[in-house]
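If you count the sequence shown from 1, position 67 lands on 67 in full-length UniProt numbering, and the numbers rise without skipping. Virtual Cβ for every residue (Gly too), placed ideally from N, Cα, C.
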Amino acid sequence: MLLEAIYHRPKQNWAYAYDRSTLHLRVRTKRGDMDAVQAIAGDKYAWDKTKQTLDMRIFASDALFDYWETEAEPPFRRLRYAFGFKQDKTELYMTESGFADRLPDDCLTFFDFPFINPADVFEPPAWVKDAVFYQIFPERFANGDPDLNPEHIEPWGAKPTPGNFFGGDLQGVIDHLDYLQTLGITAIYFTPVFEATTNHKYDTRDYMKVDPHFGSNELLRSLIERCHERGIKVLLDAVFNHAGATFAPFLDAKEKGADSEYAGWFHVRDWPLRVEDGIPTYDTFAFEPIMPKLNTEHPDVKKYLLNVARYWVEEIGIDGWRLDVANEVDHAFWREFRDTVKKVNPDAYILGEIWHDSMMWLQGDQFDAVMNYPFTNAVLDYAAYGKLDGRSFANAIGTQLANYPQQVSEAAFNLLDSHDTPRLLTLAGGDERRMKLAALFQFTYPGTPCIYYGDEVGMSGKGDPDCRQCMVWDERQQNGGLLRFYRALIALRKEHAALRGMDFAFLHAEADDAAIAYERRGGGERFIIAMNAGTASRELNIHGAGGDWQDAFTGHRAAAHKNSLAIELEAGGFAVYKQLK
């Protein structure tokens with residue numbers, strides 16, 4: 001046994017309350033090192049009466065480690081536990097005090113989960129794991145009210161630049177709700193809609209007012225009501241890390257300097273506010289002078305922003321917030337933010353923009369989820385770029401599953417592109433087959449998938465501003481086949497709970513092989529999804545897949561031979577087989 005590889009700590013993603021009666025316990029070992037792992041658990045005050053041995057299973061693996069998991073329902077909501085490891089004839093035990101050849105008699109040396117306090121149980125909104133999100137960049141989705149147009153707008157569909165306008169607005173979204181409903185969308189994430197000077201609106205002028213080029217607060221309320229009538233949730237973008245250069249408190253500080261009553265609202269290194277050699281004398285987002293960073297530790301700033309957070313949920317009816325540059329705002333502010341929002345609507349979804357490991361924000365006291373860019377990168381590296389073989393891709397996904405508690409993975413915001421990245425079809429080198437593989441994995445994986453507007457009709461585009469082109473509404477210019485694929489994919493996910501649940505396992509993922517297969521189970525159903533990101537045809541034989549199967553897309557029926565299902569995959573091809581009863 002490689003003892004250096006064994007790891008556990010009694011908190012975070014290693015030992016946590018999944019719900020108010022169930023604990024999940026996890027431990028890490030060297031990949032392939034153990035024949036069996038068990039948890040020995042019981043109540044510390046009634047050890048002899050409650051002691052039990054729980055078999056653990058490998059729920060994820062990566063290049064170096066196996067991750068084992070089991071669940072326990074402590075009768076008194078407390079748990080002391082140790083781990084037992086078996087390799088051939090060798091047995092070893094681990095407690096909080098270290099390793100031992102035999103299980104200590106005194107459970108006081110064991111790991112301790114003191115108590116399942118209901119207030120500490122992380123419970124993301126239940127609706128999220130069943131949702132299908134659609135991201136809309138309002139200025140580029142649809143122009144529904146020309147009377148709201150900014151001056152000097154470009155013709156719809158012209159080339160976007162960092163500073164031009166096309167007249168997209170909220171009425172345009174209302175006009176196309178039938179389209180979104182037919183597509184199968186159940187939640188919309190809007191990039192900022194508050195008054196600002198730019199086309200992207202990340203330089204907020206007034207946090208309490210919809211930008212006049214988009215409409216009004218009343219029109220937004222009407223849009224949300226119409227969405228709710230169709231079963232569609234709505235998220236707005238909260239830009240609380242920074243404001244805009246036309247934000248009234250910033251203008252006051254710029255005019256009056258250190259004597260301004262708003263001087264403490266910002267992080268100022270030197271007065272007066274200015275830019276020297278391209279670097280502002282005040283903190284900003286990415287050195288952008290028009291985006292001064294807010295001091296969220298200042299009591300007046302907190303009061304103002306928390307009132308903003310409350311108002312749009314309570315008065316306008318939004319269903320949650322996406323939090324811009326969330327990792328640069330202090331944790332104390334986000335804890336107060338969560339308390340404020342959840343008091344108004346406990347089912348509101350709080351989504352942080354974080355591009356890296358996010359465990360410290362996902363312990364139930366701050367966010368419900370983050371934009372899952374590590375997932376994005378893994379899927380793109382496999383399906384779009386062809387950089388990863390099956391084994392490397394499975395390892396990357398295994399790391400993702402092991403990094404977070406189960407309820408975090410269930411509510412994860414799984415995207416493949418956004419207004420901040422090139423579009424999916426462009427990332428796939430214009431290869432529609434590769435794009436479909438990425439989308440197929442996204443929609444048959446735990447978490448909530450998000451489509452960036454227009455991907456479903458074949459829009460392409462490099463990085464900002466090219467990825468922010470006007471939505472293509474002319475059906476003659478849309479990719480009808482791709483649109484039908486997305487509709488079918490969304491419908492398949494919505495119809496089958498197995499494709500939304502957490503029972504996920506790779507069945508084939510090998511080195512130097514671009515084909516993979518994985519299994520999804522749930523609700524009495526079993527699916528096998530296979531895909532080939534390689535450049536040559538491939539046949540997979542999936543052992544242990546007895547019985548009769550039917551491809552969910554083509555209707556093709558297949559029967560297992562000697563408990564093995566043969567799947568033919570052309571280059572860039574896929575198959576989604578459902579087991580027939």
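query: Does the distance from the CB of Y207 to the CB of V308 come in under 8 Å?
result: yes
- prompt: Name the DSSP beta bridge partners of C450, please?
  reply: F133 and L415
- request: In the DSSP assignment, find the beta strand (DSSP E) that holds G522 and state where it starts and stops.
  value: A515 to G522
- prompt: How many angstroms separate the CA atom of P465 from the CA atom of A243?
  reply: 21 Å
field: Pairwise C-alpha distance: G430 and M360
entry: 37 Å
query: Whose CA, out of E315, R78 and S537, lies closest to the CA of residue 610?
result: As shown, the chain starts at 1 and ends at 581. That puts residue 610 outside it, with no answer to give.
query: Is there contact between the stretch 367-382 and the stretch 32-39, where contact requires at least three CB pairs shorter than 8 Å?
result: no
Run of the beta strand (DSSP E) containing K201, from where it starts to where it stops: First-last for K201: undefined, no H or E at that position.
query: Alpha carbon to alpha carbon, how far is A552 from A438?
result: 17 Å
- prompt: Could you check where the beta strand (DSSP E) with A558 kicks off and where it finishes?
  reply: R557 to A559
message: Quick test of your reading: N241 and D324, contact by CB under 8 Å. State the CB separation rounded to the nearest angstrom.
response: 6 Å
Status (buried if at least 16 other CB within 10 Å, exposed otherwise) for N117: exposed
K209 CB to nearest heavy atom of the ligand NAP below 7 Å: You won't find the ligand NAP in this model; it holds no ligand whatsoever.
task: Jot down the residue ranges of each uninterrupted alpha helix (DSSP H) in the stretch 55-126, minimum 4 residues, whole runs only, in chain order.
output: none
- request: Indicate the three-state DSSP secondary structure (helix, strand or coil) for E225 in the structure shown.
  value: helix
- request: Could you check if A72 is buried or exposed, using at least 16 other CB atoms within 10 Å of its CB as the buried criterion?
  value: buried
message: If you follow the beta strand (DSSP E) that E568 is in, where does it begin and where does it stop?
response: S564 to L569
query: Going by DSSP, what residues sit across from A531 in a beta bridge?
result: Here the sequence assigns Met to residue 531, which means Ala is not the residue at that position. I516 and F574.
message: My output table needs one value for A552: the three-state DSSP class, helix, strand or coil.
response: coil
- request: Just the C-alpha distance for D277 and L401, rounded to the nearest angstrom, thanks.
  value: 45 Å
message: Quick check: Q407 and P124, are their CB atoms within less than 8 Å of each other?
response: yes
task: Would you tell me roughly how many angstroms separate the C-alpha atoms of D175 and I185, rounded to the nearest one?
output: 15 Å
message: Using the three-state DSSP reduction, which class does T376 fall into: helix, strand or coil?
response: helix
P346 versus G352, E151, C227 and G364, residue with shortest Cα-Cα distance: G364
- prompt: Is R520 near F506, with beta carbons less than 8 Å apart?
  reply: no
message: I'd like the list of long-range same chain contacts for G257, defined as Cβ closer than 7 Å, with 5 residues on each side in sequence excluded.
response: W271 and P272
query: Taking just the CA atoms, how far does F287 sit from Q477?
result: 39 Å
query: In this structure, does DSSP put P292 in helix, strand or coil?
result: strand
query: N149 to N143, Cα distance in whole Å?
result: 8 Å
query: For R526, which residues of its own chain have a beta-carbon under 6 Å away from its beta-carbon, when the five flanking residues on both sides are left out?
result: Q579
Presumed contact (8 Å Cβ cut-off) between Q366 and R335, rounded CB distance: 6 Å
- prompt: What whole-angstrom Cβ distance do P192 and V239 have, given they're in contact under 8 Å?
  reply: 6 Å
- prompt: Looking at the unbroken beta strand (DSSP E) that takes in R28, where does it start and where does it end?
  reply: L23 to K30
message: If contacts are defined as beta-carbon pairs under 8 Å, then R78 and P104 qualify, I think. What distance do you get, rounded to the angstrom?
response: 18 Å between Cβ atoms; not a contact.
message: Just to confirm my understanding: we take L440, look at its own chain, exclude 5 residues before and 5 after, and list those with CB closer than 6 Å. What are they?
response: F574
- prompt: What are the boundary residues of the alpha helix (DSSP H) that includes D339?
  reply: H331 to V344
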